[in-house]
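Trainee: In the UniProt record's numbering, the protein residues as written are 1 to 466. Just so you know, even glycine gets a beta-carbon here, dropped at the ideal spot from N, CA and C. Sending over a structure as structure tokens; questions will come in a sec.
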């Protein structure tokens, strides 16, 4: 890279772009909506115009449009995962985080091998199959130790047949290209790293010491990751540190840059919103994002990057989470704990941030099913090498949706059989039958294949997928 990525992305002119942009008039708005519904994505000017909308009627139509796009690409499917924190040691001083190095009140902990096994077993026994591994950020990485822990997590068996972790995604500090090459040869799915904020002055104000203080090192992490062999990666910001309009445009530029340079953009975009954390230096968001603005930005990102997965954590309260499923969210954490060891001892005092959705996995699955959503524990794309550019090409052709729908039905059925209450099983299989009938109207052969695999599941077969 001949010059810093922040200069390539021209991050210093985004505020001027926003200042020079007006909301779309009625004709322009309809043109943008029509383009978005063709699943073509949106350019920067179109996104900037939508970010300026204040008309309640236009906002309602914008949200409805995002909902239609989400349904067209993902259907009513919600991929479910759980975070697993291996430690909370950190060398950084990020003012918004409870893990920051100067927080002397935090009980620091790194899970032992036996504790990792117990945490994984606890998650498996609730029905989780997809894990997101997180650690604190230290000045030096220990890849050997990380890869060893990944292997040990995959080796854990639950108490029931077929209980094992199917896929580990990774959210850890930025690595070198050589370190990423080693990680890419392990059995991980998506690597995620948040920029936190793309606004350099704010970034410098929020990160006072530690390796994370280096804005450019963090911003260029995905360039190193892709060159190191990572083909599935996710980006994100912490909304509330700076103006959300700026952050959306900056993230869009970053995503488009990666797509153009490497032939594949981010697999996921995360949209965490600032929440208070015990031991954090700042207690309130410097640039608060209201619930209405949060809905708006999620819908606009969905319209701009229609094929990119969007992740929502348990930072958000139940009612709002349920609404956001309609406007673009396709992946959710469930039954989460942000403390190392917290799934067994419920030690919330060491959490990284405060959670606002404290339902367990079964409660979340139950409410999702009652609302007509398909909770999915699918990991088949990772296991069938449908990742990176291959995944995006299938998605843009519309060829990934049948896999996603079928595998969502199968993984939900397996969950219902092994973990669901009598009522949840009744509601869940009613929904599954309804969805199979919808498939049958378009593809009789696929519906028959799904039904056949469902029969196998009921005969004590496990881990069936397309």
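Would you grab the beta carbon distance between residue 88 and residue 96 for me? Rounded to a whole angstrom, and I think it's under 8 Å.
Mentor: Working through the chain shown from its first residue, we reach residue 88 at position 88. Working through the chain shown from its first residue, we reach residue 96 at position 96. So it is not a contact: roughly 15 Å between Cβ atoms.
Trainee: From the DSSP output, in three-state form, read off residue 282 for me.
Mentor: If you number the chain shown from 1, residue 282 lands on position 282. DSSP places residue 282 in coil when its eight states are reduced to three.
Trainee: On the premise that residue 166 lies in contact with residue 379, defined as a C-beta separation below 8 Å, what is that separation, rounded to the nearest angstrom?
Mentor: As a position in the chain shown, residue 379 is number 379, starting the count at 1. As a position in the chain shown, residue 166 is number 166, starting the count at 1. Their Cβ separation, rounded to whole angstroms, is 4 Å, which keeps residue 379 and residue 166 in contact under 8 Å.
Trainee: Nearest to residue 128 by alpha carbon, out of 416, 40, 180?
Mentor: As a working mapping, residue 128 is identified with position 128 in the chain shown. Ranking 416, 40, 180 by Cα distance to residue 128 puts 416 first.
Trainee: Could you have a look at residue 208 and say whether DSSP puts it in helix, strand or coil?
Mentor: Here residue 208 refers to the residue found at position 208 of the chain shown. Three-state DSSP puts residue 208 in coil, outside helix and strand.
Trainee: Counting pairs of Cβ atoms below 8 Å between the stretch 75–94 and the stretch 106–125, do you hit three or more?
Mentor: Touching, yes.
Trainee: Give me the Cα-Cα distance between residue 207 and residue 371, rounded to the nearest whole angstrom.
Mentor: Taking the chain shown and counting its residues from 1, the one referred to as residue 207 is at position 207. Taking the chain shown and counting its residues from 1, the one referred to as residue 371 is at position 371. Going by the C-alpha atoms only, they are around 41 Å apart.
Trainee: Answer with buried or exposed for residue 480, where buried requires no fewer than 16 other C-beta atoms within 10 angstroms of its C-beta.
Mentor: Since the displayed the chain opens at 1 and closes at 466, residue 480 lies outside it and no answer follows.
Trainee: Less than 7 Å between C-beta atoms, sequence neighbours within five positions excluded: which residues of the same chain meet that for residue 446?
Mentor: For the purposes of this step, residue 446 is taken as the residue at position 446 of the chain shown. Counting only Cβ-Cβ distances below 7 Å, and skipping sequence neighbours, we find 402, 406, 439.
Trainee: From residue 117 to residue 290, what distance separates their C-alpha atoms?
Mentor: In the chain shown, counting from the first residue as 1, residue 117 sits at position 117. In the chain shown, counting from the first residue as 1, residue 290 sits at position 290. Cα to Cα, the separation comes out at about 40 Å.
Trainee: Note the first and the last residue of the continuous alpha helix (DSSP H) segment covering residue 294.
Mentor: Indexing the chain shown from 1 puts residue 294 at position 294. It spans 291–304 - the alpha helix (DSSP H) in which residue 294 sits, taken as one unbroken run.
Trainee: By the three-class DSSP mapping on this structure, what secondary structure does residue 379 have?
Mentor: In the chain shown, the residue the question calls residue 379 occupies position 379. Of the three classes helix, strand and coil, the one that applies to residue 379 here is coil, per DSSP.
Trainee: Is it buried or exposed for residue 60, if we count other Cβ within 10 angstroms and need 16 for buried?
Mentor: On the chain shown, residue 60 is found 60 positions in, with the first residue counted as 1. By the 10 Å Cβ count, residue 60 comes out exposed.
Trainee: Applying the 10 Å Cβ sphere with the 16-neighbour rule, what's the burial state of residue 333?
Mentor: One-based indexing of the chain shown puts residue 333 at position 333. With 16 or more other Cβ atoms within 10 Å, it is buried.
Trainee: Taking three-plus beta-carbon pairs below 8 Å as touching, is the stretch 66–78 in contact with the stretch 184–199?
Mentor: Not touching, per the Cβ criterion.
Trainee: What does DSSP give as the partner residues of residue 82 in its beta bridges?
Mentor: In the chain shown, residue 82 corresponds to position 82, counting from 1. 131.
Trainee: Just to confirm, is the Cβ distance from residue 212 to residue 316 under 9 Å?
Mentor: By 1-based counting over the chain shown, the position of residue 212 is 212. By 1-based counting over the chain shown, the position of residue 316 is 316. No, they are not a contact pair.
Trainee: Would you call the CB atoms of residue 172 and residue 134 closer than 9 Å?
Mentor: Residue 172 sits at position 172 when you count from the first residue of the chain shown. Residue 134 sits at position 134 when you count from the first residue of the chain shown. Contact: yes.
Trainee: Would you list, in sequence order, the uninterrupted alpha helix (DSSP H) runs of no fewer than 4 residues that lie entirely inside the stretch 307–393?
Mentor: As far as the stretch 307–393 is concerned, its whole alpha helix (DSSP H) runs of at least 4 residues are 318–324, 342–345, 361–370, 380–383.
Trainee: Is the separation between the beta-carbon of residue 311 and that of residue 47 shorter than 9 Å?
Mentor: Position 311 of the chain shown, counted from the first residue, corresponds to residue 311. Position 47 of the chain shown, counted from the first residue, corresponds to residue 47. Going by C-beta atoms, residue 311 is not nearer than 9 Å to residue 47.
Trainee: Taking three-plus beta-carbon pairs below 8 Å as touching, is the stretch 220–237 in contact with the stretch 173–186?
Mentor: Contact holds: three or more Cβ-Cβ distances are below 8 Å.
Trainee: Does DSSP put residue 232 in a helix, a strand or coil?
Mentor: As a first step, residue 232 is located in the chain shown; it is residue number 232 there, counting from the start. In this structure, residue 232 counts as coil in the three-state DSSP scheme.
Trainee: Closest by CA to residue 295, which one among 272, 282, 285?
Mentor: Within the chain shown, numbered from 1, the residue matching residue 295 stands at position 295. Minimum Cα distance to residue 295 is reached at 272.
Trainee: Take residue 357 and list the residues in its own chain whose beta-carbon comes closer than 7 Å to its own, dropping the five residues that flank it on each side.
Mentor: Your numbering for residue 357 matches position 357 in the chain shown. Closer than 7 Å at the Cβ level, and outside the excluded window around residue 357, lie 314, 316, 317, 318, 321.
Trainee: What are the residues that DSSP puts in a beta bridge with residue 110?
Mentor: Locating residue 110 in the chain shown gives position 110, counting from the first residue. In DSSP, residue 110 forms a bridge with 87.
Trainee: Mapping the DSSP letters down to three states, classify residue 97 as helix, strand or coil.
Mentor: On the chain shown, position 97 is the one that residue 97 refers to. Here residue 97 sits in coil by DSSP.
Trainee: Closest to residue 35 by CA distance: which of 66, 8, 55 is it?
Mentor: Residue 35 sits at position 35 when you count from the first residue of the chain shown. Cα-wise, what sits closest to residue 35 is 66.
Trainee: When we look at the beta-carbon of residue 240 and count the other beta-carbons within 10 Å, is it buried (16 or more) or exposed?
Mentor: Within the chain shown, residue 240 is the residue found at index 240, counting from 1. Label assigned to residue 240: buried.
Trainee: Are at least three pairs of beta-carbons, each pair with one atom in the stretch 215–225 and one in the stretch 2–20, less than 8 Å apart?
Mentor: Output reads yes: the stretch 2–20 touches the stretch 215–225.
Trainee: Relative to the alpha-carbon of residue 54, which residue among 455, 24, 64 has its alpha-carbon at the smallest distance?
Mentor: Walking along the chain shown from the start, residue 54 turns up at place 54. With distances taken between Cα atoms, residue 54 lies closest to 24.
Trainee: Considering only the beta carbon of each residue, do residue 121 and residue 157 sit closer than 9 Å?
Mentor: Translated into the one-based positions of the chain shown, residue 121 becomes position 121. Translated into the one-based positions of the chain shown, residue 157 becomes position 157. Going by C-beta atoms, residue 121 is nearer than 9 Å to residue 157.
Trainee: What is the rounded straight-line gap between the Cα of residue 429 and the Cα of residue 336?
Mentor: Locating residue 429 in the chain shown gives position 429, where the first residue counts as 1. Locating residue 336 in the chain shown gives position 336, where the first residue counts as 1. Taking the straight line from one Cα to the other gives about 26 Å.
Trainee: Which residues does DSSP list as the beta-bridge partners of residue 237?
Mentor: Position 237 of the chain shown, counting from 1, holds the residue named residue 237. Paired residue(s): 196.
Trainee: Using 8 Å for Cβ pairs, my map puts residue 37 next to residue 68. What's the rounded Cβ distance?
Mentor: Here residue 37 refers to the residue found at position 37 of the chain shown. Here residue 68 refers to the residue found at position 68 of the chain shown. The Cβ separation is near 6 Å, so the contact holds.
Trainee: Rounded to whole angstroms, what's the CA-CA distance from residue 425 to residue 323? Just pull it up for me.
Mentor: Position 425 of the chain shown holds residue 425. Position 323 of the chain shown holds residue 323. Whole-angstrom Cα-Cα distance: 24 Å.
Trainee: Run through the DSSP bridge pairs and tell me what residue 157 is partnered with.
Mentor: One-based indexing of the chain shown puts residue 157 at position 157. In the DSSP output, where bridge partners are listed per residue, residue 157 has 164.
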